[in-house]
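First the structure, in the form of structure tokens, and then the observations on it.
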Amino acid sequence: MTEEEKPSNFIRDFIDEELAAGKHSQIVTRFPPEPNGYLHIGHAFAIGVSYGIAQDYKGKFHLRFDDTNPEKEDTEYVDAIKEDLRWLGADWGENLFFASDYFEQLFDWAKGMINEGKAYVDDLTPDEMREYRGTLTEPGKNSPYRDRAPEENLELFEKMAAGEFDEGAKVLRAKIDMAHPNMNMRDPVLYRILKAEHHRTGDKWKIYPSYDFTHGQSDAIEGITHSLCSLEFEYHRPLYNWFIENLPVPHTPRQIEFARLNVEYIITSKRKLLQLVNDNHVDGWDDPRMPTIAGLRRRGYTPEALKEFCERAGVAKRERVNEYALLEYCLRQDLEGKATRRMAVLDPLKVVIENFPEETEWYEGPNHPADEARGKRKVPLTKEIYIERDDFMEDPPRKFFRLGPGREVRLRYACYITCTDVIKDDEGNIVELRATFDPESRGGSTPDGRKVKGTIHWVSATENVEIEARHYEQLFTKTNPNEVEEGQTFIDNLNPDSKNVLKVYGEPELANATAGEPFQFERKGYYILDTESEDGKLVFNRSVGLRDSWGKKQQKK
RNA sequence: AGCCUGAUGGUGUAAUGGUAGCACAACUGGUUUUGGUCCAGUCAGUCGGGGUUCGAAUCCCUGUCGGGCUGCCA
Numbered sequence: 001m002t003e004e005e006k007p008s009n010f011i012r013d014f015i016d017e018e019l020a021a022g023k024h025s026q027i028v029t030r031f032p033p034e035p036n037g038y039l040h041i042g043h044a045f046a047i048g049v050s051y052g053i054a055q056d057y058k059g060k061f062h063l064r065f066d067d068t069n070p071e072k073e074d075t076e077y078v079d080a081i082k083e084d085l086r087w088l089g090a091d092w093g094e095n096l097f098f099a100s101d102y103f104e105q106l107f108d109w110a111k112g113m114i115n116e117g118k119a120y121v122d123d124l125t126p127d128e129m130r131e132y133r134g135t136l137t138e139p140g141k142n143s144p145y146r147d148r149a150p151e152e153n154l155e156l157f158e159k160m161a162a163g164e165f166d167e168g169a170k171v172l173r174a175k176i177d178m179a180h181p182n183m184n185m186r187d188p189v190l191y192r193i194l195k196a197e198h199h200r201t202g203d204k205w206k207i208y209p210s211y212d213f214t215h216g217q218s219d220a221i222e223g224i225t226h227s228l229c230s231l232e233f234e235y236h237r238p239l240y241n242w243f244i245e246n247l248p249v250p251h252t253p254r255q256i257e258f259a260r261l262n263v264e265y266i267i268t269s270k271r272k273l274l275q276l277v278n279d280n281h282v283d284g285w286d287d288p289r290m291p292t293i294a295g296l297r298r299r300g301y302t303p304e305a306l307k308e309f310c311e312r313a314g315v316a317k318r319e320r321v322n323e324y325a326l327l328e329y330c331l332r333q334d335l336e337g338k339a340t341r342r343m344a345v346l347d348p349l350k351v352v353i354e355n356f357p358e359e360t361e362w363y364e365g366p367n368h369p370a371d372e373a374r375g376k377r378k379v380p381l382t383k384e385i386y387i388e389r390d391d392f393m394e395d396p397p398r399k400f401f402r403l404g405p406g407r408e409v410r411l412r413y414a415c416y417i418t419c420t421d422v423i424k425d426d427e428g429n430i431v432e433l434r435a436t437f438d439p440e441s442r443g444g445s446t447p448d449g450r451k452v453k454g455t456i457h458w459v460s461a462t463e464n465v466e467i468e469a470r471h472y473e474q475l476f477t478k479t480n481p482n483e484v485e486e487g488q489t490f491i492d493n494l495n496p497d498s499k500n501v502l503k504v505y506g507e508p509e510l511a512n513a514t515a516g517e518p519f520q521f522e523r524k525g526y527y528i529l530d531t532e533s534e535d536g537k538l539v540f541n542r543s544v545g546l547r548d549s550w551g552k553k554q555q556k557k
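Note that our numbering has the first sequence beginning at 1, numbered continuously upward.
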């Protein structure tokens, strides 16, 4: 690790101190997803923090599924999460674990706590428990069942485990302090009765440990040195430590919290993402508008761009919201070097080059302007072509460098054309342009060395491939989708125009596009073949548009 | 209200008692067969008040503002 590459942060500083004090022989971190949804960009950040630290300190990285709530969890999610993790480049090697692997051990520890008088079976209903817990300002009061004898507790707990009670009838609680200022310490629930089918243990268990009773102990069992999690668990840390201190665990992990990653226009609540999918506001978890890893991948984001974004966002202790522009910058930055260049016309305007021969002429364009090794492709030019509608103006302002009546521009990679006539329909709409080309300009320059201000992209009107291009806007209209008027929900902030489908003409070479290969449609944006493409039907997703300082300038006027 | 926690340009993040730096955004200009990329530059910041100190973004006190916490979710 070098300082230049990895800026330090408070977690790394802390680890450095511990290492200097000889506290660890090896750093071990973990990523603990609950398999109840798909991974999203916020998870990519969390993974980057834990995996990055494990890598940089030459330590180990565990993947542990936190599967203590069978009602919400499923193997479908386990598989999807693994795939996303691999794609992101996080390698857990042999270290794949499940919290459910520790159910037996956790059960033994619970019984141990009962024997020591540190846990008891409570018959209070959920409502009663809430009442007894007190409030933020007032202490709670002891449950009438709090002082049951260990023998009775043990018997009851065994019966709970044997399925002799209904769901919700009883819970096992730690006996800590009902007046504790930290609500988490007011006799937290250790086990609850749940008769759902667990994705790994089936119907073996009728009771399941709570997150608090599972997480730290799992860390301890695995020898995790630094259990990195988000800020919301700060308040749970005293409890995390309490279990580590009160149970005969083999190791003492340390929980350190950091702020989640938030991005403008993006929601990262699993519950809300699930709602978008279930209510068909989007086309599934991998909809290119979704902030899920699957969605971003389909949209054309690369692991490198995501990683760069996470690193630039940094690790902090306060809630923050990153600008969407940074995310786009990171993608463009990565794609600029990777994307194969092609030409496609998104909003066609036909141009007839009147003095152009009837035969097709073939020109060559580099696959990448800065990398000759990537070769060239041939592009056919014919008498009739399409250009971009906004590359022509009948009455252009002074700073407009593109085509206009009497103006000359360069067709990229090909030749110069001059607009000679504008053809309109009855309503005055421009439907076609007439032009002439300079035979001397073949190749893109002329012997007289005259300059043309503009170079525009084009596609033959007769030798092209028709493709469907999908353009996406923000899924939400507000930078903070959760900001709503009284009585509304985030659903009301959905952008009705977040998906636009265009019929586009592309140069013939585009027919050979392969899945996962990034393209730049020159002067327009970065695109990638969509998973819905089939033989004869090419569908491209726009990953992100090119920066457009001209368009931006125009919008301001 | 109680407890926990935080506050540096528009945004994000460094500086750990010694010149407030970097990136994105915005804006200029240069290069360019992409109004892209690249290059150069400009704009702009320590929440308020007190204190300690030769010296404070940093330490102390205090105020203000923000986030989190009252699931048998994680």
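Ideal placement from N, C-alpha and C gives every residue a C-beta, glycine not left out.
*Start-to-end residues for the beta strand (DSSP E) that takes in residue 519*: To locate residue 519, count along the first sequence from 1; it is residue 519. Judged by DSSP secondary structure, residue 519 falls within the beta strand (DSSP E) whose first and last residues are 519 to 521.
*Is residue 202 helix, strand or coil when you go by DSSP?*
What you label residue 202 is simply residue 202 of the first sequence in a count that begins at 1. Three-state result, residue 202: strand.
_Using the three-state DSSP reduction, which class does residue 551 fall into: helix, strand or coil?_
For the purposes of this step, residue 551 is taken as the residue at position 551 of the first sequence. Correct three-state label for residue 551: helix.
*Per DSSP, residue 421 forms a beta bridge with which residues?*
Stepping through the first sequence from its first residue, residue 421 is reached at position 421. BP columns for residue 421 point to 434.
*For residue 8, count neighbouring Cβ atoms within 10 angstroms of its own Cβ and tell me buried if that reaches 16, exposed if not.*
By one-based count along the first sequence, residue 8 stands at place 8. A residue is called buried once 16 or more other Cβ atoms fall within 10 Å of its Cβ, and residue 8, having fewer, is exposed.
_Identity of the residues DSSP links to residue 62 by a beta bridge_ = Working through the first sequence from its first residue, we reach residue 62 at position 62. Answer by DSSP bridge pairing, in chain order: 30.
*Could you pull the start and end residues of the alpha helix (DSSP H) that residue 244 belongs to?*
On the first sequence, residue 244 is found 244 positions in, with the first residue counted as 1. From DSSP, the alpha helix (DSSP H) with residue 244 extends over 237 to 246.
_Considering just the uninterrupted stretch of the alpha helix (DSSP H) at residue 415, what are its terminal residues?_
Residue 415 sits at position 415 when you count from the first residue of the first sequence. Careful: residue 415 lies outside any alpha helix (DSSP H) and carries neither H nor E.
*Note down the Cα distance separating residue 5 from residue 213, rounded to an integer number of angstroms.*
The residue you call residue 5 lines up with position 5 of the first sequence. The residue you call residue 213 lines up with position 213 of the first sequence. Residue placement at residue 5 is poorly supported in this model, since its pLDDT is 47, which falls under 50; the coordinates are not used for a value here.
*Note down the Cα distance separating residue 66 from residue 89, rounded to an integer number of angstroms.*
Translated into the one-based positions of the first sequence, residue 66 becomes position 66. Translated into the one-based positions of the first sequence, residue 89 becomes position 89. When rounded, the distance between both Cα atoms is 21 Å.
*Span of the alpha helix (DSSP H) around residue 82*: Here residue 82 refers to the residue found at position 82 when the first sequence is read from its first residue. Residues 75 to 88.
*Please name the residue, chosen from 193, 350, 352, 380, that lies closest to residue 364 on a Cα-to-Cα basis.*
Residue 364 sits at position 364 when you count from the first residue of the first sequence. Looking at the Cα atoms, 380 is the closest of the given residues.
*Can you tell me where the beta strand (DSSP E) with residue 558 in it begins and where it stops?*
Outside the shown range of the chain, which is 1 to 557, sits residue 558, and nothing can be said about it.
*Would you list, in sequence order, the uninterrupted alpha helix (DSSP H) runs of no fewer than 4 residues that lie entirely inside the region 266 to 331?*
270 to 278, 293 to 299, 303 to 313
*asked:* Taking only three categories from DSSP, how would you classify residue 340?
replied: As a working mapping, residue 340 is identified with position 340 in the first sequence. Strand at residue 340.
*If you draw a straight line from the alpha carbon of residue 140 to that of residue 545, how long is it in whole angstroms?*
Residue 140 sits at position 140 when you count from the first residue of the first sequence. Residue 545 sits at position 545 when you count from the first residue of the first sequence. Distance between the alpha carbons of residue 140 and residue 545: 57 Å.
_Check this for me: beta carbons of residue 459 and residue 505, under 8 Å apart or not?_
As a first step, residue 459 must be located in the first sequence, where it is residue number 459. As a first step, residue 505 must be located in the first sequence, where it is residue number 505. The answer is yes: Cβ separation under 8 Å.
*Measure the C-alpha to C-alpha separation of residue 116 and residue 100 and round it to an integer number of angstroms.*
Numbered from 1 along the first sequence, position 116 holds the residue referred to as residue 116. Numbered from 1 along the first sequence, position 100 holds the residue referred to as residue 100. Straight-line Cα distance between these residues: approximately 25 Å.
*Hey, quick one: how far does the beta strand (DSSP E) through residue 500 stretch, first residue to last?*
Residue mapping note: residue 500 aligns to position 500 of the first sequence, counting from 1. Where residue 500 is concerned, the enclosing beta strand (DSSP E) stretches over 499 to 506.
_Span of the alpha helix (DSSP H), counted from its first residue to its last, around residue 216_ = In the first sequence, residue 216 corresponds to position 216, counting from 1. Run containing residue 216: 211 to 222, per the alpha helix (DSSP H) assignment.
_Quick check on DSSP: helix, strand or coil for residue 476?_
Taking the first sequence and counting its residues from 1, the one referred to as residue 476 is at position 476. Correct three-state label for residue 476: strand.
*Evaluate the contact criterion for the region 493 to 511 versus the region 307 to 317: three or more CB pairs, one atom per stretch, below 8 Å.*
no
*Pull up the CB-CB distance for residue 521 and residue 470, whole angstroms please, since I reckon it's below 8 Å.*
As a working mapping, residue 521 is identified with position 521 in the first sequence. As a working mapping, residue 470 is identified with position 470 in the first sequence. 13 Å between Cβ atoms; not a contact.
_Member of 134, 168, 440 whose CA lies at the smallest distance from the CA of residue 178_ = Within the first sequence, residue 178 is the residue found at index 178, counting from 1. Closest by alpha carbon: 134.
*Write down the C-beta distance between residue 434 and residue 421 rounded to the nearest angstrom, noting that I regard them as a contact closer than 8 Å.*
Reading the first sequence from its first residue, position 434 is the one you call residue 434. Reading the first sequence from its first residue, position 421 is the one you call residue 421. About 4 Å; that satisfies the 8 Å criterion.
*Are residue 70 and residue 194 closer than 8 Å when you measure CB to CB?*
Walking along the first sequence from the start, residue 70 turns up at place 70. Walking along the first sequence from the start, residue 194 turns up at place 194. Result yes, Cβ atoms of residue 70 and residue 194 sit closer than 8 Å.
*Would you call the CB atoms of residue 266 and residue 41 closer than 8 Å?*
Residue numbering aside, residue 266 sits at position 266 when the first sequence is read from its first letter. Residue numbering aside, residue 41 sits at position 41 when the first sequence is read from its first letter. Their beta carbons are under 8 Å apart, which means residue 266 touches residue 41 by this criterion.
*asked:* Let me confirm a value: residue 556 is counted as buried when at least 16 other C-beta atoms fall within 10 Å, else exposed. Which label applies?
replied: For the purposes of this step, residue 556 is taken as the residue at position 556 of the first sequence. Here residue 556 is exposed. Its C-beta has fewer than 16 other C-beta atoms within 10 Å.
*Per the contact definition of three or more C-beta pairs closer than 8 Å, is the region 378 to 393 in contact with the region 354 to 364?*
yes
*Please state if the CB of residue 535 and the CB of residue 298 are separated by a distance shorter than 8 Å.*
Residue 298 sits at position 298 when you count from the first residue of the first sequence. Residue 535 sits at position 535 when you count from the first residue of the first sequence. For residue 298 and residue 535, no; Cβs fall outside 8 Å.
*Could you tell me the distance, in whole angstroms, from the CA atom of residue 548 to the CA atom of residue 525?*
Position 548 of the first sequence, counted from the start, is the residue given in the question as residue 548. Position 525 of the first sequence, counted from the start, is the residue given in the question as residue 525. So the alpha carbons of these two residues sit roughly 10 Å apart.
_According to DSSP, simplified to helix, strand and coil, what is residue 513?_
On the first sequence, residue 513 is found 513 positions in, with the first residue counted as 1. Here residue 513 sits in coil by DSSP.
*Spell out the partners DSSP gives residue 227 in its beta bridges.*
Residue 227 sits at position 227 when you count from the first residue of the first sequence. Paired residues: 255.
*Could you spell out the range, first to last residue, of the beta strand (DSSP E) harbouring residue 96?*
Walking along the first sequence from the start, residue 96 turns up at place 96. 96 to 98 is the span of the beta strand (DSSP E), which, as asked, contains residue 96.
*Kindly confirm or deny that the region 53 to 64 and the region 13 to 30 touch, where touching means at least three C-beta pairs closer than 8 Å.*
Yes, since at least three Cβ pairs between the region 53 to 64 and the region 13 to 30 fall closer than 8 Å, the two stretches touch.
*For residue 176, three-class secondary structure by DSSP*: As a position in the first sequence, residue 176 is number 176, starting the count at 1. Residue 176: coil per DSSP, three-state reduction.
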